[in-house]
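Numbering (UniProt numbering), first residue to last: 1 to 636.
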């Protein structure tokens, strides 16, 4: 067998170029490119290897390690986990900045490869710049912090270790049942060390994404449960989207009159305008979906993790009468809520299950249509909500006083409600555009009221709800679908936290549209405070002399080179959106909106840590109500 003498970093890049994935008869490269922020832990190793021969890999210079990692995650998500970007960082703070992004990828089961630099394997010199030191072990480095947020983690301290480590990393990333972030830390001296690698290591390697079929026991058990139920409900999770189960979901729903409800990850698997799609379920769900869930005697969870938001902290169902059937490629997830488990691919399972359900029809009858019509009427009402300085209170959440609302209206020069603005965006942008958001009140609003008419146009990260994903992720989506528009819906809080990859998008001529909803504060958390009996405490953005901050975000983005707009009314918003479509450069629309003008909970409940001892009667009441509510929640 022949040998090739390469540095560890050169071998890594050569290996990445030879990784392919095979899905449903199609074969294509798995690794699209590599994001980098170079520092002393990776510039002389990884940087040299890429400069010498990057192969087909697209190399993109990021501005913040967390930001570029989020872009890589959004890319993989938009590509239905069938392509990835790699991310390389320096040692120390560079790798520590990956932690939030790694958690995001892990919570959402998104494959991405992280290659952070590490300290010297020789421990000479020691300690190096940016190295932390622990008295209990010289082996501990910053990269150990990435262990709990990685699906696979390894440290390379010898060049030959790279071979087994990378094969294992790609096995994990290409397994639908355990897909997630793989972290391979490489000591910075080892990156440049040479080794005679076997030629076979660099041969084309195909990773087969075979669909796991259900066994006969699983199929017949699932069919019996469904046929014995009167009002089954299909909960569409992210696994259904990644499996490509849209067509069979629609067919089964229509034939057997079974309503569909969605998780955040599952939304846009099936279009919102499908007659039996009742929308998002749970805390950020629609009234229609939550009402249907309470009537259901069987919940068919397809590719879902049953997070507390989807289940309203396990109070969305009547556990005395409701059974669960879970179809999931992950055995861990299939066991949730003591369900009957089908550990298999969603699309394959539903297609094989279909003939076993012939003759069955649910008892929902016209209820699905009635619930959908009721919700559509509520959505229409929200699109027409208006406020004036003389009349805020009837529609505003959380007992904000007229005086405070007028203060915001004056400070931001606006009377525009958030929901009204959001529905206008939904109406005006092209239906095949993808929206992206992650944190604050916007994920709740879009899951409820955003209508999708084209599949896979909803890239909302709510498994980890990581602030800072929104703009970075928009870049990732644009890289995945360069011919379509992408809109980052972001609050002012998330924008301030992380927006550096807007510069990267402009730098690489990847047009993204940032739609910034500015209510001068952390509005979602302020709602949480006040909904649970507290006051408005340190969640509004106020100056030292208690004035509301009014930041000109358009001026910030204008300085980066984006086309910008300032919006205070619906007419201004419509004009900005239409003009933004014509631009070739990235855009930012700075929308001033009123606080407390988001959608409400629609008969859902969220279990949060309310103080059991307080001198405020309002908090005492909420705490007591929480105790009573917990008695009805399932404990597993």
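Each residue gets a CB set at the ideal place from its N, CA and C atoms; glycine is no exception.
Please confirm whether residue 638 and residue 269 have their CB atoms less than 8 angstroms apart. There is no way to answer for residue 638, as the model of the chain reaches only from 1 to 636.
Just verifying my parser: in three-state terms, what is the DSSP assignment at residue 605? Numbered from its first residue, the chain shown carries residue 605 at position 605. The DSSP-derived three-state label of residue 605 is coil.
Bridge partners for residue 279 per DSSP, in chain order? The residue given as residue 279 occupies position 279 in the chain shown. Bridge partners of residue 279: none, in fact.
Whole-angstrom C-beta distance between residue 271 and residue 453, which should lie under 8 angstroms: If you number the chain shown from 1, residue 453 lands on position 453. If you number the chain shown from 1, residue 271 lands on position 271. Correct: roughly 5 angstroms between the Cβ atoms.
Using a Cβ-Cβ cutoff of less than 6 angstroms, which residues in the same chain neighbour residue 330 once the five nearest sequence positions on both sides are dropped? The count along the chain shown starts at 1 and reaches residue 330 at position 330. Excluding its 5 nearest sequence neighbours in each direction, residue 330 has C-beta neighbours in its own chain below 6 angstroms: 177, listed in chain order.
C-alpha distance - residue 562 paired with residue 479, whole-angstrom precision: Looking up residue 562 in the chain shown gives position 562. Looking up residue 479 in the chain shown gives position 479. If I take the Cα positions, the gap works out to 18 angstroms.
Residue range of the alpha helix (DSSP H) that includes residue 93: Residue 93 sits at position 93 when you count from the first residue of the chain shown. For residue 93, the enclosing alpha helix (DSSP H) begins and ends at 93-96.
Can you check which of these residues, 265, 26, 496, is closest to residue 104 by C-alpha distance? Walking along the chain shown from the start, residue 104 turns up at place 104. The candidate whose alpha carbon is nearest that of residue 104 is 265.
Which of helix, strand or coil DSSP assigns to residue 329: Along the chain shown, one-based indexing puts residue 329 at 329. It is coil, neither helix nor strand.
Taking 7 angstroms as the cut-off, is the CB of residue 130 close to at least one heavy atom of the ligand COA? The model on display carries no ligand, and the ligand COA is accordingly not part of it.
Contacting residues, own chain, Cβ-Cβ under 6 angstroms from residue 109 (five flanking each side not counted): For the purposes of this step, residue 109 is identified with residue 109 of the chain shown, where counting begins at 1. Take residue 109, set aside five residues on each side of it, and the residues of its chain with a beta-carbon closer than 6 angstroms to its own are 179, 180, in chain order.
Same chain only: Cβ atoms within 6 angstroms of residue 80, ignoring 5 sequence neighbours per side: Within the chain shown, numbered from 1, the residue matching residue 80 stands at position 80. For residue 80, the CB contacts under 6 angstroms within the same chain, skipping 5 residues up- and downstream, are 242 in chain order.
Short Cβ contact (8 angstroms threshold) for residue 500 with residue 64: Taking the first residue of the chain shown as 1, we reach residue 500 at position 500. Taking the first residue of the chain shown as 1, we reach residue 64 at position 64. Cβ atoms of residue 500 and residue 64: closer than 8 angstroms.
CA-to-CA distance, residue 361 to residue 415, given in whole angstroms: Residue mapping note: residue 415 aligns to position 415 of the chain shown, counting from 1. Residue mapping note: residue 361 aligns to position 361 of the chain shown, counting from 1. The straight-line gap from Cα to Cα measures roughly 48 angstroms.
First and last residue of the uninterrupted beta strand (DSSP E) at residue 123: In the chain shown, residue 123 corresponds to position 123, counting from 1. Under the DSSP assignment, residue 123 falls outside any beta strand (DSSP E); it carries neither an H nor an E label.
Rounded to the nearest angstrom, how far is the Cβ of residue 457 from that of residue 513, given a contact under 8 angstroms? The residue given as residue 457 occupies position 457 in the chain shown. The residue given as residue 513 occupies position 513 in the chain shown. In this structure residue 457 is not in contact with residue 513, their Cβ atoms being roughly 14 angstroms apart against a cut-off of 8 angstroms.
Reducing DSSP to helix, strand and coil, say where residue 170 ends up. The sequence position of residue 170 within the chain shown is 170, counting from 1. Of the three classes helix, strand and coil, the one that applies to residue 170 here is helix, per DSSP.
Around the Cβ of residue 725, are there at least 16 other Cβ atoms within 10 angstroms (buried) or fewer (exposed)? Within the shown structure, residues of the chain are numbered from 1 to 636, placing residue 725 beyond reach of any answer.
Please confirm whether residue 260 and residue 350 have their CB atoms less than 8 angstroms apart. Locating residue 260 in the chain shown gives position 260, counting from the first residue. Locating residue 350 in the chain shown gives position 350, counting from the first residue. Going by C-beta atoms, residue 260 is not nearer than 8 angstroms to residue 350.
For residue 513, does the three-state DSSP call read helix, strand or coil? As a position in the chain shown, residue 513 is number 513, starting the count at 1. Strand, per DSSP.
Whole angstroms is fine: what's the gap from residue 394's alpha carbon to residue 537's? Working through the chain shown from its first residue, we reach residue 394 at position 394. Working through the chain shown from its first residue, we reach residue 537 at position 537. Annotation note: pLDDT 48 at residue 394 (below 50); position unreliable, coordinate value reported separately. C-alpha separation (whole angstroms): 23 angstroms.
Thinking just about the alpha-carbon of each residue, which of 581, 465, 505 is nearest to the one in residue 525? Along the chain shown, one-based indexing puts residue 525 at 525. Comparing alpha carbon positions, the residue from 581, 465, 505 closest to residue 525 is 465.
Throw me the rounded Cβ distance for the residue 301 and residue 326 pair, which I believe falls under 8 angstroms. As a working mapping, residue 301 is identified with position 301 in the chain shown. As a working mapping, residue 326 is identified with position 326 in the chain shown. Confirmed, about 5 angstroms.
Please name the residue, chosen from 402, 382, 384, that lies closest to residue 390 on a Cα-to-Cα basis. Position 390 of the chain shown, counted from the start, is the residue given in the question as residue 390. The alpha carbon of residue 390 has as its nearest neighbour, out of 402, 382, 384, the alpha carbon of 402.
Considering only C-alpha positions, which residue in the set 324, 303, 488 is nearest to residue 474? Position 474 of the chain shown, counted from the start, is the residue given in the question as residue 474. Checked all of 324, 303, 488; the closest Cα to residue 474 is 488.
Does residue 167 pass the burial test, meaning 16 or more other C-beta atoms within 10 Å, or should it be called exposed? Locating residue 167 in the chain shown gives position 167, where the first residue counts as 1. Looking at its Cβ environment, which holds fewer than 16 other Cβ atoms inside 10 Å, residue 167 is exposed.
Supposed close pair residue 133, residue 125 - CB separation, criterion 8 angstroms: Here residue 133 refers to the residue found at position 133 when the chain shown is read from its first residue. Here residue 125 refers to the residue found at position 125 when the chain shown is read from its first residue. In this structure, residue 133 and residue 125 do not form a Cβ contact; the two beta carbons are roughly 13 angstroms apart against a cut-off of 8 angstroms.
If contact is defined by three or more beta carbon pairs under 8 angstroms, each pair taking one atom from either stretch, is the stretch 206-225 in contact with the stretch 53-70? No: the two stretches stay apart, fewer than three of their Cβ pairs being nearer than 8 angstroms.
In the structure shown, what three-state DSSP assignment does residue 220 receive? Reading the chain shown from its first residue, position 220 is the one you call residue 220. Helix at residue 220.
Hey, out of 36, 547, 559, whose CA is closest to residue 506's CA? Position 506 of the chain shown, counted from the start, is the residue given in the question as residue 506. Nearest Cα to residue 506 within the set 36, 547, 559: 559.
Roughly how many angstroms lie between the CA atoms of residue 193 and residue 102, to the nearest whole one? Looking up residue 193 in the chain shown gives position 193. Looking up residue 102 in the chain shown gives position 102. Going by C-alpha positions, residue 193 is about 28 angstroms away from residue 102.
Bridge-paired residues (DSSP) for residue 641: Within the shown structure, residues of the chain are numbered from 1 to 636, placing residue 641 beyond reach of any answer.
Would you list the one or two residues that DSSP bridges to residue 592? The residue given as residue 592 occupies position 592 in the chain shown. Looking at the DSSP output, residue 592 shares a beta bridge with 518.
Run the CB neighbour count on residue 1, radius 10 Å, all protein chains shown included, and call it buried at 16 or more, exposed below. In the chain shown, the residue the question calls residue 1 occupies position 1. The residue in question, residue 1, is exposed, as its Cβ has fewer than 16 Cβ neighbours within 10 Å.
Where residue 394 sits in the DSSP three-state scheme: Numbered from its first residue, the chain shown carries residue 394 at position 394. Low local confidence applies: a pLDDT of 48 at residue 394 is under 50, so the model's placement there is unreliable, with the coordinate-based value given in what follows. Here residue 394 sits in helix by DSSP.
Quick check on the DSSP output: the beta strand (DSSP E) that includes residue 153 runs from which residue to which? The residue labelled residue 153 in the question sits at position 153 within the chain shown. From DSSP, the beta strand (DSSP E) with residue 153 extends over 152-156.
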